[in-house]
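Trainee:
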Amino acid sequence: MECKNMATMRLFLIVLFIGNYIMSVNSQQGYDSTCTCDSVSSGVCMKYTCATTVRSVSCFSGSSQLTLHDGTHKSLAQIHIGDQVLVDQHHTFEPISSFIHSKQDGIFSFLAIQVKSTKSNRTSTIHVSPNHLIFDYDSGKALFAGKFHIGDRLQFIDENELVPAEIIDIRLTKQEGYYAPLTASGKIVVDGIVASNYATVSNHELAHQVMGLYRWWIDLFGGSKSNEEIPWMLQMMLKLEEIVRVCAGQKIFNNYNYDGLFEVSSLA
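In this note's numbering, each residue's number is its place in the sequence shown (first place is 1) plus 295.
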């Protein structure tokens, strides 16, 4: 009976996660952001606090750079399914199996998070949606990009070594296109920064477990780079989530959705 209850709870968590993810993705593109100035120096605003209403999960911009197996780099807009890309500090390369969603045309809002390596002082900037998960160096956990502040440290790959990279600037900017690539491990190195494949919900491990169902699906039927919306297979699971929610209520352990708040040092 205990095993049966645990299995039921696991299914419950899975369908709730998928329901939340789908509802955030299958909506209009972009963000509605309102920013207020919190700190002024010599008539110049030094820090803004922004509240954003997420109307889609934009993930990464088309200009984001991935590292290929031969050591060269390619932008996400030019990446194809099957391309082998760097996913961690162990020099592991995995093929892009699919895109959870993507849109080549259009201008979308992203956080431009600039970091500096503590090893080489090399700088890099990742363009990521505030609700996407990227890895914090000190805790080792995947956190929402919008919850990081200047001075925090991200996981950064510098000369094949995982090192801390200090955040030196955060801006709200516009970039062309959005892409959400999918790899076997659920991780990917974007502009040198270790990032999750997932967004909207806080639990990377739970997200990876759930998306194993989708990976099974694309193993059978193939992936796609032309999904502006979440695939219909996951939409069907949303219906199951609705049934579970009506019958049992919603209670997710160790997991929460992005609240839409973030801080930036300037607005582009």
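Just so you know, even glycine gets a beta-carbon here, dropped at the ideal spot from N, CA and C. Computed from a predicted structure; not experimentally measured.
Provide the residue span of the beta strand (DSSP E) that contains D514, from first to last.
Mentor: That residue, D514, is in no beta strand (DSSP E); its alpha helix (DSSP H) goes H499 to F516.
Trainee: Taking contact to mean at least 3 C-beta pairs separated by less than 8 Å, is the stretch 484-494 in contact with the stretch 430-446?
Mentor: Yes: at least three Cβ pairs fall under 8 Å.
Trainee: By the three-class DSSP mapping on this structure, what secondary structure does Q384 have?
Mentor: In the structure shown, Q384 sits in coil (DSSP, three-state: anything other than H, G, I, E or B).
Trainee: Please look up how many angstroms separate the CB atoms of V458 and K398, rounded, as I've assumed it's under 8 Å.
Mentor: Between K398 and V458 the Cβ distance is about 33 Å, and since that is not below 8 Å, they are no contact.
Trainee: Taking a contact to mean a Cβ-Cβ separation below 9 Å, would you say I374 touches Y474 in this structure?
Mentor: Yes; because the gap between Cβ atoms is below 9 Å, this pair is in contact.
Trainee: Under 9 Å between C-beta atoms, does E500 make it to chain B?
Mentor: Within the model displayed, chain B is absent; a lone protein chain is all it includes.
Trainee: Relative to the alpha-carbon of Y432, which residue among D447, G518, G517 and G366 has its alpha-carbon at the smallest distance?
Mentor: Among D447, G518, G517 and G366, the Cα nearest to that of Y432 belongs to D447.
Trainee: Answer yes if the stretch 503-510 comes into contact with the stretch 419-434, meaning at least three C-beta pairs across the two stretches below 8 Å, and no otherwise.
Mentor: As far as the Cβ criterion goes, the stretch 419-434 does not touch the stretch 503-510, which means the pair count is below three.
Trainee: Suppose contacts are defined by Cβ-Cβ distances below 9 Å. Is S359 in contact with I421 by that definition?
Mentor: For S359 and I421, yes; Cβs fall inside 9 Å.
Trainee: In three-state terms, what does DSSP make of A490?
Mentor: Reduced to three states, the DSSP call for A490 is strand.
Trainee: Nearest CA to the CA of P390: which residue from L361, S412 and N455?
Mentor: Comparing Cα-Cα distances from P390 to each of L361, S412 and N455, the minimum goes to L361.
Trainee: Please check the pair G487 and F451, which I expect to be a contact at CB under 8 Å, by giving their CB distance rounded to whole angstroms.
Mentor: About 5 Å; that satisfies the 8 Å criterion.
Trainee: Within its chain, find whatever has a CB closer than 8 Å to the CB of G357; leave out the 5 residues flanking it on each side and keep chain order.
Mentor: Cβ neighbours of G357 beyond the five flanking positions: S370, L371, A372, Q399, Q470, E471, G472, Y473 and Y474.
Trainee: Please name the residue in R466, L477, G481 and I462 whose C-alpha comes closest to that of N416.
Mentor: The candidate whose alpha carbon is nearest that of N416 is I462.
Trainee: Mapping DSSP to helix, strand and coil, what is K469?
Mentor: Looking at K469 - three-state DSSP - the assignment turns out to be strand.
Trainee: Indicate whether T468 and S404 have their beta-carbon atoms separated by less than 9 Å.
Mentor: Yes. Within cutoff.
Trainee: Please classify H444 as buried or exposed, where buried requires at least 16 neighbouring CB atoms within 10 angstroms.
Mentor: Counting Cβ neighbours within 10 Å, H444 comes out exposed, since fewer than 16 surround it.
Trainee: What are the start and end residues of the beta strand (DSSP E) that includes S412?
Mentor: Unbroken beta strand (DSSP E) run through S412: S393 to S412.
Trainee: Helix, strand or coil: which one does DSSP assign to A479?
Mentor: Coil at A479, not helix or strand.
Trainee: How far does the beta strand (DSSP E) with L428 in it reach, from first residue to last?
Mentor: Looking at the DSSP string, the run of the beta strand (DSSP E) that includes L428 is H427 to F430.
Trainee: Report the option in F355, L501 and H499 whose CA atom is closest to the CA atom of P425.
Mentor: For P425, the nearest C-alpha among the options comes from F355.
Trainee: Count the other C-beta atoms from every protein chain shown that fall within 10 angstroms of the C-beta of N498, then say buried if there are 16 or more, exposed otherwise.
Mentor: So N498 counts as buried.
Trainee: Report back the beta-carbon spacing between Q384 and H364 to the nearest angstrom; my notes put them in contact at under 8 Å.
Mentor: Not a contact, Cβ separation roughly 16 Å.
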